[in-house]
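Take the sequence shown: its letters are residues 1 to 118, numbered as in our numbering.
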Amino acid sequence: MAKTLKRSAAFTALARALAAGARGGPTLGARLAALPRMIRATARGEYDGGLRLALMTAATAYIVSPVDLLPEIPLAIFGLADDAVMVTWLAGSVLAETERFLEWEARRSQTIPGRVVP
């Protein structure tokens with residue numbers, strides 16, 4: 001069930017999420033507030049976002065790292081472009097995954113916990 005986020009899907013999610021906040025969808029604040037809950041639920045094994053969180057963590061590490069695949073100094077604009085693409089992908093991924101998590105939380109709150117007794 002673990003779907004990885006494709007690059008185009010992340011960019012589409014970014015555009016959709018920015019428009020959704022204006023149309024009554026989850027606000028940016030609600031999405032960012034959901035991040036710690038999403039991390040906790042994933043760490044507990046309740047939510048299936050482990051691979052996606054790992055990819056977002058790797059993207060964050062790449063962005064803040066001084067080591068780049070395309071360094072800024074000798075490659076000028078191309079060195080900055082790879083960082084811009086990563087930031088855009090990361091923003092879209094975070095928005096898409098937090099929206100998915102908020103939907104999961106809403107469905108989960110409607111479910112009565114328990115187990116089937118034979």
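The beta-carbon is built from N, C-alpha and C at its ideal position, and this holds for glycine as well.
Buried or exposed (CB count within 10 angstroms, at least 16 for buried), residue i
i, result
"residue 57", "exposed"
"residue 65", "exposed"
"residue 85", "exposed"
"residue 109", "exposed"
"residue 49", "buried"
"residue 92", "buried"
"residue 31", "buried"
"residue 61", "exposed"
"residue 33", "exposed"
Residue i and residue j closer than 9 Å at C-beta
i, j, result
"residue 98", "residue 26", "yes"
"residue 59", "residue 101", "no"
"residue 94", "residue 35", "yes"
"residue 53", "residue 39", "yes"
7 Å CB neighbourhood of residue i in its chain, flanking five on each side removed
i, result
"residue 104", "47"
Rounded separation between residue i and residue j - CA only
i, j, result
"residue 77", "residue 115", "57 Å"
"residue 43", "residue 37", "10 Å"
"residue 90", "residue 67", "18 Å"
"residue 117", "residue 80", "59 Å"
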